[in-house]
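Q: Residues 1118 to 1207, numbered by the working numbering, are exactly what the sequence shown covers, in order.
Dropping the structure in here first, questions after.
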Amino acid sequence: MSKLSGFIRYQCDRCGKTAYLAENSVDARTWYNVSRFNAAQCTGGKADEYTLDSDCFTLYSRLITGEDKSFTDWMHPAPEPATNTDSKED
Ligand SMILES: [Zn+2]
């Protein structure tokens, strides 16, 4: 009986899905490690680390894309529309 080594057990921190995959295999590249700072960690500290399968990573990407837009809109608000108070009706 042969014995193989070099496998990693993955478990998604969101949905609990598990997989045993050979290191550096194509399938192992469909699992993602993400780092996230929450509100309490934003002025220092270590980010939380999560492992996500491809489905949950797709959902996470969608979530943070929306959060990125909210942050960008907050950080760089659009200028107030100029009101023209100098116009006079003749
Ligand atoms: Zn998952």
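Note that CB positions come from ideal geometry on N, CA and C, so glycine has one too.
1. To the nearest angstrom, how far is the alpha carbon of Cys1132 from that of Cys1173?
2. I'd like the list of long-range same chain contacts for Val1151, defined as Cβ closer than 7 Å, with 5 residues on each side in sequence excluded.
3. Can you list, in chain order, the residues of its chain whose CB lies under 8 Å from that of Asp1165, leaving out five sequence neighbours each side?
4. Work out the CA separation of Glu1197 and Arg1126 for me, nearest whole Å.
5. Residues bridged to Gln1128 by DSSP?
6. Output yes or no for whether 8 Å exceeds the beta carbon distance between Leu1138 and Asp1130.
7. Quick one: what does DSSP say Thr1168 is sitting in, helix, strand or coil?
8. How many angstroms separate the CA atom of Thr1160 from the CA atom of Ala1195?
A: Concretely, from the data shown:
1. Spanning the two alpha carbons is a distance of roughly 8 Å.
2. Tyr1167, Leu1169, Tyr1177
3. Ser1152, Arg1153, Phe1154, Asn1155, Gln1158
4. 53 Å
5. Thr1135
6. no
7. Three-state result, Thr1168: strand.
8. Take the alpha-carbon of Thr1160 and the one of Ala1195: they are about 26 Å apart.
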